[in-house]
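Have a look at the structure below before the remarks.
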Amino acid sequence: MQLAPQRREMTDKEWLDIQASMRREFRQFRTKCFSVHPHYAILLTRLGDEFVRAGNYRGKSLPTAATDGKNIYVNATWWRDLPKESRWPLFLHELLHNVLGHSYRRGKRDQRRWNMACDYVINAILKEMGYYIPDWLYDDKYKGMSEERVYAQLVKEEEPPPPPEDEDEPGDEPGEGRPCDEGDPGDEPGDSDQDDQGEDEESSGEESQGDSPGEDNEGEAPAEDDYDAPGQIWDPTTPEGDPLGEEEIADKLAEIAKDLDQAETVSKTSGRGFEPRGRRAIERLTRPKLDWRAHLNKWIAKRGQVCGRSWGKLDRRSLQRGDFRPGEVREGIDWMVVAVDISSSISWEEFEAFMEHLDKIRSNVKIQRLTILPFNEIVTATQIMELKPNDPTPKRLDVGGGTCFSPIFNWVRRQTGRPDGVIVFTDLGSTDWGQPPTCSVLWASTDEVYTGYDGWYSNKPPFGETMQIDLS
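For my numbering, add 1 to where a residue sits in the sequence shown, where the first one is 1.
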């Protein structure tokens with residue numbers, strides 16, 4: 002479906018006629034949204050409409066449509082030539098930018114890449130709603146990712162590849178497995194320079210979807226400032242045109258989260274619930290997760306052995322009952338196991354950050370014995386490491402193979418003692434969970450952890466706690 006129609010100058014009469022027509026059409030869309038998608042329509046009460054005759058609004062380029070959290074802005078010339086069957090999906094596209102607070106979440110990120118990341122997320126939701134338009138940005142590899150995570154992936158993909166390493170470097174031995182620090186540590190299975198080139202060519206074709214016909218860069222990836230896909234995201238401003246401060250942005254996001262909580266109630270009473278991807282995207286706003294570093298700190302602190310009680314730290318459960326009791330005092334941990342997924346799909350950037358933070362925790366919480374347990378389909382015994390309190394954790398391991406989790410817990414059961422806890426660093430790329438051990442388990446996932454909605458696939462483990470390591 003063509004979304005970059007040929008454009009010609011608009012006469013004064015056409016401008017008056019198209020304004021009246023667009024007002025009627027947008028009123029119809031609002032009414033339709035309350036009927037068909039009432040859970041999203043709640044946000045419409047905060048949105049206005051602005052129709053622009055030329056491709057410019059108060060100094061901002063407006064080749065197609067845009068939003069800033071307050072209004073939906075539409076280039077009337079572009080809208081006039083847009084196929085009618087594309088207008089309703091475009092309206093929903095703009096609405097979803099506001100439902101998900103995209104104007105308020107950019108921070109210091111590059112605007113073009115942020116716009117693209119948000120488009121990937123929104124268009125996946127629209128596809129589930131039955132409004133998928135082939136010319137819009139969409140890639141199933143971003144399934145389940147947040148906008149921030151898609152953005153980080155786009156940045157990584159646009160970075161130039163590292164220079165090739167010299168062959169036969171001193172110290173290399175023939176027959177060794179390929180260490181994961183050769184090449185891009187974030188590569189997925191099957192990635193290669195040839196694959197990357199093919200992906201770049203494919204994405205270039207997608208990213209040029211908003212360019213007008215006749216431009217010299219047709220078929221090429223857009224430059225930093227000419228990403229013209231329908232649905233631009235503008236930064237929010239005050240009535241005077243000044244940028245919003247951090248507190249104002251936080252207040253706006255809180256308002257959106259409150260509206261979305263009401264939308265959840267509406268969806269239950271109307272019988273028209275959120276789509277799986279839409280629900281996950283919304284829950285990121287309404288139910289923000291604990292930062293993974295804080296989660297890891299808290300989880301490890303609970304694993305220490307109880308050595309007494311102190312009035313310096315009151316027991317929380319007793320306080321909830323209105324009772325005052327001394328809290329538990331814990332000392333160091335005897336034994337902790339960190340199982341590391343070394344399959345080809347693992348992200349070593351997150352692994353390095355995870356291990357660095359674990360070392361910081363070990364400087365405060367004494368772990369007498371730390372076992373690093375690499376695994377793929379089996380536990381790779383040759384790479385098992387037993388670390389004492391002052392030994393640094395590894396930041397790279399040899400990789401290869403698939404993923405099975407049962408070998409981890411089979412190995413734990415074969416040991417003579419019982420660890421205080423098991424941490425599994427993985428991308429959750431398997432359903433072979435195995436039998437739960439008698440100790441606590443924490444799944445540290447590089448992919449988003451989500452449960453099934455309306456029969457949607459779930460990657461959440463059946464036992465233990467989960468956290469997502471997100472560096473975006």
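Glycine included, C-beta positions come from ideal geometry on N, C-alpha and C.
Our two residues, E256 and W412, have alpha carbons roughly 49 Å apart in a direct line.
Of all C-beta pairs linking the stretch 386-393 to the stretch 419-432, fewer than three are shorter than 8 Å, placing the two stretches out of contact.
The three-state reading of DSSP puts P244 in strand, counting E and B together.
Under the DSSP assignment, W336 falls in the beta strand (DSSP E) whose first and last residues are I334 to D342. Per DSSP, L371 lies in no alpha helix (DSSP H) segment; the continuous beta strand (DSSP E) that holds it begins and ends at I368 to F376. Looking only at R415, Q469, V400 and P395, the smallest Cα-Cα distance to L429 is reached by Q469. By the beta-carbon neighbour count (other beta carbons within 10 angstroms, threshold 16), T65 is buried.
With a beta-carbon spacing of about 21 Å, E86 and T68 fall beyond the 8 Å limit used to define contacts.
Sorting F406, F30, H103 and S22 by C-alpha distance to the C-alpha of D236 places H103 at the top.
Straight through space, the alpha carbons of V341 and M386 are spaced by roughly 11 Å. The shortest C-alpha to C-alpha distance from F355 to any of D252, D471, M337 and H98 is the one to D471. According to the DSSP secondary-structure assignment, V53 is paired through a beta bridge with N76. If only complete runs of 3 or more residues are kept, the stretch 385-457 shows the beta strand (DSSP E) at 386-388, 422-427 and 441-446, in order along the chain.
Linking A77 to W434 through their CA atoms gives a straight-line distance of about 55 Å. Pairing D335 with Q384 gives a Cβ-Cβ distance that is not under 7 Å. For the pair of segments examined, the stretch 105-124 was found to touch the stretch 137-145: the number of CB pairs separated by less than 8 Å reaches three.
Around the beta carbon of A445, 16 or more other beta carbons lie within 10 angstroms, which makes this residue buried.
Under the Cβ criterion (8 Å, minimum of three pairs), the stretch 38-58 does not count as touching the stretch 103-117. At least 7 Å separates the beta-carbon of I409 from that of V339. In the structure shown, Y133 falls within a coil segment according to DSSP collapsed to helix, strand and coil. In this structure, the beta-carbon distance from S344 to G403 falls below 7 Å. Of K71, S62, L45 and V75, the smallest CA-CA separation from S22 is found for V75. Around the CB of A282, 16 or more other CB atoms lie within 10 Å, so the residue is classed as buried. The three-state reading of DSSP puts S36 in helix, counting H, G and I together. Under DSSP, S62 shares a beta bridge with N57.
Excluding sequence positions up to five before and after Y132, its CB lies within less than 7 Å of the CB of P90 and L93, all in the same chain and listed in chain order. At a Cβ-Cβ threshold of 7 Å, E449 and G108 do not count as neighbours. In the three-state DSSP reduction, T238 falls in the strand class (E or B). Taking 8 Å as the upper bound for CB-CB distance, G333 and K367 are in contact here, some 3 Å apart. Spatial neighbours of Q20 in its own chain (CB-CB distance under 6 Å, excluding positions within 5 residues in sequence) are listed in chain order as F52. When secondary structure is reduced to three states using DSSP, T266 falls in the helix class.
If you check the CB distance, I301 and Y105 do not come in under 7 Å. Taking a 10 Å sphere around the C-beta of E248, we find fewer than 16 other C-beta atoms and assign the residue as exposed. Contact between L48 and C34 is ruled out by a C-beta separation of about 11 Å, above the 8 Å threshold. Beta-carbon to beta-carbon, A264 and H40 are separated by about 4 Å, close enough to satisfy the 8 Å threshold. Between I234 and N116, the C-beta gap is smaller than 7 Å, which places the two residues in contact.
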